[in-house]
Structure formats: structure tokens, C-alpha cells
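*Asks:*
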Amino acid sequence: MSKRKAREVARSGDAPPVTPSSVHAKVDTVRAVLDSAGSVLPAERLSVARATAARAEARLELSLSHTTVALAGTTGSGKSSMFNAFTSLDRSPVGVLRPTTAEAYACVWGDREGGEALLDWLGVQPRRRFTRESALDGDDEVGLRGMVLMDLPDVDSIQPAHRAEVDRLLDLVDVVVWVTDPQKYADLVVHDGYLRRMSGQRGGFIVALNQTDRLLPANLPQVAADLRRLLDEGDLADIPLVATSATGEVPGPVPAVVKPRTTFRAKPAPGRLGPLAASGAGIAGFTGIRQLRELLEPAVVGRRAVLDRLDIDLSIAIDELRELYAGPPAAVSPSVLIEALMKAGGSRERIAAAVDQYAQHTASGLPKPWLVAVLEAAVAHVPELPSALDRAGDRANAFDKGSGWRKAFGSVVPGVGKRNQEGRDRRVRAEYARVAEDLVIGPVRDVVTAYTAGRAALADI
Ligand SMILES: Nc1nc2c(ncn2[C@@H]2O[C@H](COP(=O)(O)OP(=O)(O)O)[C@@H](O)[C@H]2O)c(=O)[nH]1
Ligand SMILES: [Mg+2]
Numbered sequence: 274m275s276k277r278k279a280r281e282v283a284r285s286g287d288a289p290p291v292t293p294s295s296v297h298a299k300v301d302t303v304r305a306v307l308d309s310a311g312s313v314l315p316a317e318r319l320s321v322a323r324a325t326a327a328r329a330e331a332r333l334e335l336s337l338s339h340t341t342v343a344l345a346g347t348t349g350s351g352k353s354s355m356f357n358a359f360t361s362l363d364r365s366p367v368g369v370l371r372p373t374t375a376e377a378y379a380c381v382w383g384d385r386e387g388g389e390a391l392l393d394w395l396g397v398q399p400r401r402r403f404t405r406e407s408a409l410d411g412d413d414e415v416g417l418r419g420m421v422l423m424d425l426p427d428v429d430s431i432q433p434a435h436r437a438e439v440d441r442l443l444d445l446v447d448v449v450v451w452v453t454d455p456q457k458y459a460d461l462v463v464h465d466g467y468l469r470r471m472s473g474q475r476g477g478f479i480v481a482l483n484q485t486d487r488l489l490p491a492n493l494p495q496v497a498a499d500l501r502r503l504l505d506e507g508d509l510a511d512i513p514l515v516a517t518s519a520t521g522e523v524p525g526p527v528p529a530v531v532k533p534r535t536t537f538r539a540k541p542a543p544g545r546l547g548p549l550a551a552s553g554a555g556i557a558g559f560t561g562i563r564q565l566r567e568l569l570e571p572a573v574v575g576r577r578a579v580l581d582r583l584d585i586d587l588s589i590a591i592d593e594l595r596e597l598y599a600g601p602p603a604a605v606s607p608s609v610l611i612e613a614l615m616k617a618g619g620s621r622e623r624i625a626a627a628v629d630q631y632a633q634h635t636a637s638g639l640p641k642p643w644l645v646a647v648l649e650a651a652v653a654h655v656p657e658l659p660s661a662l663d664r665a666g667d668r669a670n671a672f673d674k675g676s677g678w679r680k681a682f683g684s685v686v687p688g689v690g691k692r693n694q695e696g697r698d699r700r701v702r703a704e705y706a707r708v709a710e711d712l713v714i715g716p717v718r719d720v721v722t723a724y725t726a727g728r729a730a731l732a733d734i
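When we follow the numbering used here, the leftmost residue of the sequence shown carries the number 274, and every step to the right adds one.
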């Protein structure tokens, strides 16, 4: 499933409800696959799944009643100003020309207690943490209780460390508000699918066209429509777009085009951040920051964004893992290999060819990484095989040598010689089977067993 598809399914009413236990079940699936495949496949094949599972486990340990919302975007779009507008604080430095936010700022609405561990995990410095909702605010801020708003460094910072910090945080937050402005939005959206990739990771993604107070009222609908078109063309038709001003009023009423165009078959679950909030009555209000807040509130109050985010992340990881487990393994009888080894007559080449053929048959139909793992397991001990088989033959012969009476008997009684030969063949076969088991069949079986275990885990979810 594509990330977009995963997001759409997660947002539509078709998806089963996401609960802490359904998310835990997905983590368990990923862990089961990692446990069985970890010692077989190259680490880089599993690194995304491993990181996703670790991130989900860590997040599930933390407060699920807090929703992290990041203000992200390019330099000067107004992230810090918007942070200040939201928090009614003037703590986040606002800069005209310089990228000033080196590290994230965060403001917790309501219960800071549970938020502290979350902010530790996010790596927000204690001196950059604030709390909203003082007694003075009364119930005004109730709708945002549980929100952890973050002002991120600029994604286009000239400082690589700042960009790395943004990427790190974007991997962890639940909702992203992408802040852009009338001067720069075109560059942004056209940017090689960056927004699409990022929005694909979460159910909560909003684009804010900020600084609209700089536009003439007559130009706002035009600019908004243009940005909407770019988002739609960039495969972001289901992403809510909101017009804001961090420092003034949005000129004029909401252009209809600000609505996402996608129509969904089913309504999103109540409280889920998504098209209902974007295309419903709220959008007609078009009041900048308040409008944005209306989009955020359902996600924060419903406490769905966290689980949705984890669910999408894990679903994507699981779908990527599934690609590594397409098709059942071929059932190849070990006797095929043993016969071929017996016929090889001790020739190194023929022994190697017998193993190769056995491995190719066993691996046929497996996805490439597993195919490679089977072949590698099969050939790992090939250099030792000729001498091991030689010794196996000697053991079988030793049995014959030690029983002269059988030979003597066999030479005078019709039919006994033939039976002796059959017995000898059986003993050679048994000795060869033991060697083949130790050096080829066992190691191959271990890989196939790991493959089958992973498939079983994925079939269960
Ligand atoms: N007119 C206007 N100016 C804004 C708005 N938002 C930010 N600014 C100004 O744009 C400049 C950059 O803002 P800042 O919040 O530092 O952007 P950041 O780099 O995204 O954090 C500052 O001079 C702000 O005062 C807005 O909505 N309207
Ligand atoms: Mg800033």
C-alpha cells in the first residue's frame, strides 16, 4: 500500500478503529518479523522497520493524551511568529533575514506533567519549554489541552545541523502544520515530493498559507487557488489548506478553493484530524490562526493523531516487510541432494553443482533477499563437503570391513551379495545424509524456517 493510500485508509471510516492495543499488535508483528529475520537478512533491509518499531514502542510508553504539533517550513514563513501567536508568548525568536531557530521550542497546553517525559524524548531543551493555559485563560484553551506545539528550525536552513534536527523531529511528531507564505509557496510544493512524502507518514498534516495580510484582498483567492492547485497536482488533494496571518488579519473571506477536493466515501471518526475538519463548516469561518486552531482542536481533543500516526507508520513498515515475504517457499526433498552427492563420486565440482542445484530449487520463488540468504547458507560449507563426504564413505566402509563373514557369506549364497550391496548403499546414504544435514540442509532449513515464521506473523495481522 502506498503511503498516500495508507493515509486515506486511515482517514476514511473504512479502517478499523485504531486503539492502543491495535497499535501494540502491529508493533508485535514487526518485532516478530525482525526477530526471525534479524539474523538472516542484511541489517539495512530491516533498518526502517526496526526504527519504526523502536519509535512506536517509545511513543507508546509516553503520554497518549498529548499530541505533538510541529510548525515546520522554510525560513521566514512565520513559524516562530505563529508559535508566538498561538502561545501568546514572545519567546520564540522572530527573525527577518536569519534562520534563528536552531533548536525547537515547545509549549504544552495543560498538563505539563505528562508532557515533560515526551519533551525529553523529543529532545527539547528544558529552557525552551513553556506552558500555556494558566488560570487566567479559564476555559478558552480547553480545546487545545494536551497539545504540544513546537516551533521547528527551518527546513531550508543553511546549517546542516538545523536541517538534521528538523528531519529528526518530523520523524517523531504527530501532526505537522506546514507554514508557507505567498512568496515562497510555489517553490515548496514543486519540491520533489517532499511534502507528499512527509504527509504520507501521518493522518495530521495541514498547510498554512501564512502572511496573507500582505496580500490585497482581491489577490487572496487567486493565490489560495494557485496553492490549492499545486497541492492537488502534488498528490496532496486531501490535505487541508488554511490561510493565516501570524501578525494581522487575513484579508477577506475564505476562498472556496481552500477546501480539499477529495471526497471521502466515509466520514472520518469523530475527533480525527482530517477532511471533515477541513471541508466542514469550520472552513467558512476563515479567521487565520483561529481557523488553524479549529483544524487542530479535533485532533488534540480526540487524542487520535498520536495513534493514527503510529498506525500509519507501522502499516507502512508492515507493507514494506510484506514485500520481503511474497510467496511460499518451495518444498524440496533433501533426498534429491543426498542422491546427487552420492552420484558426485567425490568430485569437488559435482558436489558444488549438486549443492547449487539444491539451493536454487529451494530458493526459487523466494524474494531476492531470502533467495540470497538461502544460497549463502547452502554454499557456506561447500569447501568442507568433499572431505566430509570422504570420511562419511570411510565410515560406511569401515562397517563393511569389520564384518568379513558377511562378505564370505555373501559370495556363496545367491542373492546375499546383492543385499549386502544394498545395505552398503543404505549405510553410505545415511552417512551422507548426516553430513548433508550438518553442512547444507540444516543451515538452509534455518533460513526457510525464519522466512516461514515471518510470513506467519504477517499473515496474522
Ligand atoms: N506581515 C506579516 N509578517 C509576518 C507574518 N509572519 C511572520 N512575519 C514576519 O516575517 C518575518 C519572519 O518571521 P518568523 O516568524 O521569524 O519566520 P520563521 O523563520 O518561519 O520562524 C518576521 O519579520 C515576522 O515578523 C505574517 O503573518 N504577516
Ligand atoms: Mg523561526
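The beta-carbon is built from N, C-alpha and C at its ideal position, and this holds for glycine as well. Remember, predicted model here, so these are calculated numbers, not experimental data.
So the alpha helix (DSSP H) Asp586 belongs to, where does it begin and stop?
*Replies:* Taken as a continuous stretch (DSSP letters only), the alpha helix (DSSP H) holding Asp586 covers 578-595.
*Asks:* Could you check whether the Cβ of Lys299 sits closer than 6 Å to any heavy atom belonging to ligand 2?
*Replies:* No, Cβ of Lys299 sits at least 6 Å from all heavy atoms of ligand 2.
*Asks:* DSSP beta-bridge partners for Val450?
*Replies:* According to DSSP, which records beta bridges pairwise, Val450 is partnered with Leu344, Ile479.
*Asks:* Report all residues from its chain with a CB closer than 6 Å to the CB of Arg402; omit the five preceding and five following residues, and keep chain order.
*Replies:* The answer, listed in chain order, is Ala379, Leu392.
*Asks:* Exposed or buried, what is Arg328 when buried is set at 16 or more other beta-carbons lying within 10 Å of its beta-carbon?
*Replies:* The residue in question, Arg328, is buried, as its Cβ has 16 or more Cβ neighbours within 10 Å.
*Asks:* Grab me the residues of Ala650's own chain with a C-beta within less than 6 Å of its C-beta, minus the 5 sequence neighbours each way, in chain order.
*Replies:* Counting only Cβ-Cβ distances below 6 Å, and skipping sequence neighbours, we find Pro716, Val717, Val720.
*Asks:* Consult DSSP for Asp308 and reduce its assignment to one of helix, strand or coil.
*Replies:* Residue state, collapsed to three classes: helix.
*Asks:* Report the rounded CA-to-CA distance for Gly396 versus Leu445, giving the unit in angstroms.
*Replies:* If I take the Cα positions, the gap works out to 10 Å.
*Asks:* What are the start and end residues of the beta strand (DSSP E) that includes Arg402?
*Replies:* From DSSP, the beta strand (DSSP E) with Arg402 extends over 402-404.
*Asks:* Kindly indicate which residue of Leu489, Leu712, Val480 has the alpha-carbon position closest to the one of Ile512.
*Replies:* Ile512 has its Cα closest to that of Val480, out of Leu489, Leu712, Val480.
*Asks:* Could you give the first and the last residue of the continuous beta strand (DSSP E) run that contains Leu422?
*Replies:* Counting along the chain, the beta strand (DSSP E) containing Leu422 begins and ends at 420-424.
*Asks:* Counting C-beta neighbours from all protein chains within 10 Å, is the total for Ala730 16 or more, i.e. buried, or is it exposed?
*Replies:* That one is buried.
*Asks:* Round the Cβ separation of Met420 and Trp382 to the nearest angstrom and send it over; I've been treating them as touching at under 8 Å.
*Replies:* That belief holds up - the Cβ atoms of Met420 and Trp382 are roughly 4 Å apart, short of 8 Å.
*Asks:* Between the stretch 507-521 and the stretch 559-578, do three or more beta carbon pairs fall short of 8 Å?
*Replies:* Output reads yes: the stretch 559-578 touches the stretch 507-521.
*Asks:* Any heavy atom of ligand 1 closer than 6 Å to the CB of Asn483?
*Replies:* Yes, Cβ of Asn483 sits closer than 6 Å to a heavy atom of ligand 1.
*Asks:* Using only alpha-carbon positions, find the residue among Glu414, Val450, Leu417, Ala603 that is nearest to Asp427.
*Replies:* Here the closest residue by C-alpha is Val450.
*Asks:* Short check: CB of Ile624 to CB of Leu648, under 7 Å?
*Replies:* Not a contact, by the Cβ cut-off of 7 Å.
*Asks:* State yes or no: is the C-beta of Lys641 nearer than 6 Å to some heavy atom of ligand 1?
*Replies:* Not so, every heavy atom of ligand 1 lies at least 6 Å from the Cβ.
*Asks:* Count Cβ pairs between the stretch 298-313 and the stretch 341-348 that sit closer than 8 Å; are there 3 or more?
*Replies:* The answer is no - the stretch 341-348 does not touch the stretch 298-313, with fewer than three Cβ pairs under 8 Å.
*Asks:* Cα-Cα, which of Val645, Val655, Gly600 is closest to Ala627?
*Replies:* Measuring from the Cα of Ala627, the nearest candidate turns out to be Val655.
*Asks:* Please check the pair Pro455 and Arg502, which I expect to be a contact at CB under 8 Å, by giving their CB distance rounded to whole angstroms.
*Replies:* Their Cβ separation, rounded to whole angstroms, is 15 Å, which puts Pro455 and Arg502 out of contact at 8 Å.
*Asks:* CB-CB under 7 Å to Arg668, same chain, minus the five flanking residues each way: which ones, in chain order?
*Replies:* Contacts found: Glu704.
*Asks:* To which residues of the same chain is Ile734 closer than 7 Å at the C-beta, ignoring the five residues directly before and after it?
*Replies:* Closer than 7 Å at Cβ, skipping near neighbours: Ala298, Lys299, Thr302, Ile591.
*Asks:* Excluding five sequence neighbours on each side, which residues of the same chain lie with their C-beta closer than 6 Å to the C-beta of Glu438?
*Replies:* So the qualifying residues of the chain are Pro426.
*Asks:* Would the beta-carbon of Ser353 be found less than 6 Å away from any heavy atom of ligand 2?
*Replies:* Because some heavy atom of ligand 2 lies under 6 Å away, the Cβ of Ser353 counts as near it: yes.
*Asks:* Using CA coordinates, which residue listed in Ile714, Ser350, Ala497 is at the minimum distance from Val452?
*Replies:* Nearest of Ile714, Ser350, Ala497 to Val452, Cα basis: Ser350.
*Asks:* What do you reckon, is the C-beta of Thr374 under 6 Å from a heavy atom of ligand 2?
*Replies:* Yes, the beta carbon of Thr374 sits closer than 6 Å to at least one heavy atom of ligand 2.
*Asks:* State yes or no: is the C-beta of Gly561 nearer than 6 Å to some heavy atom of ligand 1?
*Replies:* No, since every heavy atom of ligand 1 falls outside the 6 Å radius drawn around the Cβ of Gly561.
*Asks:* By how many angstroms is the C-alpha of Ala497 removed from the C-alpha of Arg576?
*Replies:* If I take the Cα positions, the gap works out to 30 Å.
*Asks:* What does a CB cutoff of less than 6 Å around Thr404 pick up in its chain, not counting 5 residues either side in sequence?
*Replies:* Result list for Thr404: Val381, Arg385, in chain order.
*Asks:* Tell me the rounded alpha-carbon separation between Ile585 and Arg475.
*Replies:* Cα to Cα, the separation comes out at about 6 Å.
*Asks:* Does the Cβ-Cβ distance between Val306 and Leu594 come in under 7 Å?
*Replies:* Taking 7 Å as the Cβ cut-off, Val306 and Leu594 qualify as a contacting pair.
*Asks:* Determine the direct distance from the alpha carbon of Gly466 to that of Asp507, and round the result to whole angstroms.
*Replies:* Note that residue 507 corresponds to Gly in the displayed sequence, not to Asp. Between Gly507 and Gly466, the C-alpha separation is close to 7 Å.
*Asks:* Label Leu489 either buried or exposed according to how many other C-beta atoms from any shown protein chain fall within 10 Å of its C-beta, with 16 as the threshold for buried.
*Replies:* By the neighbour-count rule (16 or more Cβ atoms within 10 Å), Leu489 is not buried but exposed.
*Asks:* Under 7 Å, do Pro642 and Leu314 count as touching if we go by C-beta distance?
*Replies:* Result yes, Cβ atoms of Pro642 and Leu314 sit closer than 7 Å.
*Asks:* Beta-carbon within less than 6 Å of Ile714's beta-carbon, same chain only, minus the 5 sequence neighbours each way: which residues are those?
*Replies:* So the qualifying residues of the chain are Pro607.
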